[in-house]
Structure formats: structure tokens, C-alpha cells
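In terms of my numbering, the sequence shown opens at residue 60 and continues consecutively. Ideal Cβ placement from N, Cα and C applies to all residues, glycine included. Working notes for the structure below.
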Amino acid sequence: MPIGVLINALSVVIGGLIGLTVENRLDLDFKEKLNMIFGVCAMGMGISSVMLMKNMPAVIFSIVIGTAIGLAIHLGDRIQRGAGLMQRVASKIVKQKDTSISEEEFMTTLVTVIVLFCASGIYGSIVSGMTGDNSILIAKSVLDLFTAMIFACMLGGVVSLIAIPQVVIFLALFLCAALLYPLTTPEMIDDFKAAGGFIMLATAFRMMQVKIFPTADMIPAMVLVFPVSWSWSTFILPLVS
């Protein structure tokens with residue numbers, strides 16, 4: 060039963076709706092400072108995942124090559140176009156408030172939120188499907204609830220709609236995880252979590268507006284890390300040990 064997936068998606072919906080309700084009661088300084096705290100929390104989650112890494116060269120290789128693939132196929136641009144479509148749909152369902160931020164900043168922030176909500180939960184969904192452990196997704200849900208609330212104050216009703224692609228992606232991963240599990244090793248799972256941790260760190264820097272990393276383009280690394288980690292452990296590591 061994908062309890063963690065459903066809780067996570069529900070937290071985004073509820074957080075977004077609360078944000079629409081209280082947006083005028085929270086001043087800009089409060090929102091910005093709380094958003095920085097969310098970034099620190101995301102950074103902590105990323106660091107804890109990176110520390111699980113078993114094969115550093117394999118993970119680094121996957122991050123670099125995976126990001127290069129994402130950039131080559133313009134994955135970030137495709138996600139941004141999808142974000143624009145979601146925003147247009149949201150504007151028909153919920154009246155969008157006037158915002159002081161530029162359209163470019165709006166879309167950059169929206170992509171950051173999509174990656175935070177969706178990409179950062181990929182390994183949580185797979186772990187949940189493989190082992191039944193929902194703790195990663197539930198911990199992420201706590202952060203997503205408050206993050207969705209604050210970002211809904213800035214971006215409007217589109218934030219709650221992110222739960223739709225989120226639950227589709229997570230359910231697909233949850234259901235496929237049982238088929239994937241027999242093909243993996245504990246080292247591969249830990250390296251996979253570490254790759255997700257790097258993406259969480261990059262997302263945290265985006266949230267705090269320290270540096271706009273191409274987080275959406277980093278997503279292919281989470282697919283690439285499985286075969287690379289296995290190849291490293293099976294073929295390369297025995298030769299260099």
C-alpha cells in the first residue's frame with residue numbers, strides 16, 4: 060500500500076490550499092526567511108543521503124554524465140514548459156493573484172518547487188516500494204507541507220497542482236520497485252540515495268537563491284547511477300583494490 064506516496068501528495072495539496080488562504084496575512088520578510096529555513100532542511104536531507112554513498116567515483120560519474128544528458132536533451136526546458144502549462148491550467152481553476160516577481164523568476168521558482176516535490180521523492184518512493192519503509196516520504200511530507208504553503212503565497216494555486224504529476228510519478232516508481240528490487244544490491248540502493256542527495260543539495264541552493272543549479276537537468280543521474288554503481292562494484296573495483 061503506497062501510504063507514503065499518498066501522504067506526500069496530500070501534504071502538497073493541503074499546504075498549497077493553506078498558502079492561498081493565509082497569503083495576505085504573512086509579510087514578505089517572514090516568507091523569505093522561512094524559505095531559507097526550508098532550504099537548510101532540504102540541505103540536511105541531502106547531506107544525510109550523500110553520506111550513505113558506497114562508490115563515490117560511480118556516483119560522481121553518474122551526476123556529471125546524467126546532468127550532461129539532461130542538458131543535451133533540454134530536460135529542464137521541457138519541465139519548464141510543463142510548469143507553464145500547469146500554471147495556465149491553474150489560472151482557469153483558481154484566480155491567480157497579482158505578483159510582484161517577474162515571469163522569469165516565477166518560472167524559475169516554480170521549476171525549483173517541482174524538482175523539490177517530485178525529484179527529491181523519487182528514491183523515497185522506490186525505497187517504499189522495495190522495503191515498505193515509508194519514513195523517507197513521511198519526513199519529506201512534513202517539509203513539503205510547509206514549503207507548499209509558503210510557495211503558494213508567492214505562486215498561487217499552481218503549487219497544489221504539482222501533486223498531480225507527483226503522485227503519478229511516485230505511484231509508477233512504487234509499483235515498479237518490486238520488479239527492480241531483485242536486480243539491485245544494497246550498495247546500488249545507497250548510491251542511488253546519494254545521487255538523490257546531491258540533487259537535494261542543489262535544490263536547497265536554489266531555494267535559498269545562492270546559486271541556480273540546473274536541478275531538473277540532473278534527474279537522469281538517478282537512472283544512470285544504478286548501472287554505473289553495479290559496473291563499478293563488479294568490474295572496476297576488483298581491479299583497483
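| query | Contact check, residue 97 vs residue 266 under 8 Å by CB: the rounded distance? | reply | Correct: roughly 6 Å between the Cβ atoms.
| said: I'd like the list of long-range same chain contacts for residue 207, defined as Cβ closer than 6 Å, with 5 residues on each side in sequence excluded. | reply: A distance below 6 Å between beta-carbons, with the five flanking residues on each side excluded, links residue 207 to the following residues of its chain, in chain order: 71, 74, 75 and 218.
| said: Along the chain, where does the alpha helix (DSSP H) containing residue 297 start, and where does it finish? | reply: Segment 296-299, the alpha helix (DSSP H) holding residue 297.
| said: Residues in the same chain with beta-carbon distance under 7 Å from residue 193, minus the five sequence neighbours each way, listed in chain order, please. | reply: The residues are 62, 63 and 187.
| request: Enumerate in chain order the residues of its own chain whose CB-to-CB distance from residue 138 is below 7 Å, with the five nearest sequence positions on each side excluded. | output: Take residue 138, set aside five residues on each side of it, and the residues of its chain with a beta-carbon closer than 7 Å to its own are 170, 173 and 275, in chain order.
| query | Of the choices 253, 288 and 213, whose alpha-carbon is the least far from that of residue 89? | reply | Closest by alpha carbon: 213.
| query | Can you give the beta carbon distance from residue 292 to residue 114, rounded, assuming they're within the 8 Å contact cut? | reply | Their Cβ separation, rounded to whole angstroms, is 6 Å, which keeps residue 292 and residue 114 in contact under 8 Å.
| request: Within the same chain, show all residues whose beta-carbon is closer than 6 Å to that of residue 240, passing over the 5 residues directly before and after it, in chain order. | output: Within the same chain, 189 come within 6 Å of residue 240 by CB-CB distance, once the 5 residues on both sides are set aside.
| task | From the DSSP output, in three-state form, read off residue 215 for me. | result | Coil at residue 215, not helix or strand.
| message | Since residue 285 and residue 251 should fall inside the 8 Å C-beta cutoff, what is the C-beta to C-beta distance between them, to a whole number of angstroms? | response | Indeed, because the Cβ distance is near 6 Å, the residues count as touching under 8 Å.
| request: Could you check the C-alpha separation between residue 107 and residue 167 for me, to the nearest Å? | output: Rounded to whole angstroms, residue 107 and residue 167 show a C-alpha spacing of 26 Å.
| request: Taking only the alpha-carbon atoms, compute the straight-line gap between residue 257 and residue 176 and give it to the nearest angstrom. | output: Here the C-alpha atom of residue 257 lies approximately 15 Å from the C-alpha atom of residue 176.
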